[in-house]
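Visitor: Following our numbering, the numbering of the sequence shown begins with 13 at its first residue and continues without gaps.
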Amino acid sequence: WQPSVLEIYPSRAIFDWDIERDLNNLLNNQQQNDRLYSSNKVIPATPASGFEDIIDSKSQASKILAKNPTNISALQVLAACHMQLNEFEAAKKAYEKLIEVQPQNPEVYFNLSIACKKMHKYQVALGALQKAIDLDDQYVSAHNSLGLIFRKLGRYDQAIASFRQAIKIDRSNAKAFNN
13 WQPSVLEIYP SRAIFDWDIE RDLNNLLNNQ QQNDRLYSSN KVIPATPASG
63 FEDIIDSKSQ ASKILAKNPT NISALQVLAA CHMQLNEFEA AKKAYEKLIE
113 VQPQNPEVYF NLSIACKKMH KYQVALGALQ KAIDLDDQYV SAHNSLGLIF
163 RKLGRYDQAI ASFRQAIKID RSNAKAFNN
């Protein structure tokens with residue numbers, strides 16, 4: 013069994029190498045302070061990670077969150093792991109916790125919308141995408157995703173308007189042109 017690839021657009025992904033560095037630094041600091049962990053390396057949960065790496069990252073992020081429930085990097089890793097494992101309700105909860113910690117981060121709302129879309133919770137996904145756009149009106153991927161959900165719901169005029177807005181922001185956006 014292989015987990016599905018995480019649906020995050022690379023240009024707006026919230027999980028990157030900086031998070032891996034932050035988690036490594038966090039773990040190293042925790043080791044120095046209280047020897048909480050026996051390993052000083054967090055394996056990043058990226059779309060290319062194997063199943064065991066995802067489970068290990070999920071476990072390590074959970075340990076960090078047990079000690080610091082608002083750790084942004086650990087919440088991001090945990091949410092990404094849940095998404096890769098098709099645990100969409102758990103991912104949704106992790107993204108909602110991230111929103112409590114980072115209410116001005118449009119990427120978190122965008123990723124919440126992906127989890128909701130996977131569970132066919134389209135109205136919640138629409139709300140999350142609209143909030144992402146409210147925070148960053150130039151967020152091309154959010155406009156495009158909004159159009160996709162509107163199209164799925166049969167709200168074609170709104171879908172077309174969303175796709176047009178994505179193209180207006182980025183004329184080279186092939187995804188919006190193809191929708």
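Beta carbons are placed, not taken as given, at the ideal position from N, Cα and C, and that holds for glycine.
Less than 7 Å between the beta carbons of Ile181 and Gln150, yes or no?
Guide: Cβ distance < 7 Å, so Ile181 and Gln150 count as in contact.
Visitor: For Ala86, which residues from the same chain have a beta carbon less than 6 Å from its beta carbon, with the 5 sequence-adjacent residues on both sides left out?
Guide: So the list reads Ala73, Ile76 and Leu77, once near-sequence residues are dropped.
Visitor: In whole angstroms, give me the CA-to-CA distance for His132 and Glu101.
Guide: Answer to the nearest angstrom: the Cα atoms are 11 Å apart.
Visitor: Ordered along the chain, which non-local residues of its own chain (more than five positions away) have a Cβ less than 6 Å from that of Ile172?
Guide: Same-chain partners within the cutoff: there are none.
Visitor: Starting from the N-terminal side, write out each stretch of the beta strand (DSSP E) that is 3 residues or longer and does not extend beyond the stretch 47–131.
Guide: Complete beta strand (DSSP E) runs here, min 3: none at all.
Visitor: Using the rule of at least 16 other Cβ atoms within 10 Å of the residue's Cβ for burial, across every protein chain shown, is Ser234 buried or exposed?
Guide: The displayed coordinates of the chain run from 13 to 191. Any statement about residue 234 would go beyond what the structure contains.
Visitor: Excluding five sequence neighbours on each side, which residues of the same chain lie with their C-beta closer than 6 Å to the C-beta of Arg176?
Guide: For Arg176, where only same-chain residues beyond five positions count, there are no Cβ hits under 6 Å.
Visitor: With 16 as the cutoff for other CB atoms within 10 Å, does Leu110 come out buried or exposed?
Guide: Looking at its Cβ environment, which holds 16 or more other Cβ atoms inside 10 Å, Leu110 is buried.
Visitor: Excluding the five sequence neighbours on either side, which residues of its own chain have a C-beta within less than 6 Å of the C-beta of Gln170, listed in chain order?
Guide: Within the same chain, Gln170 has close Cβ partners Phe162.
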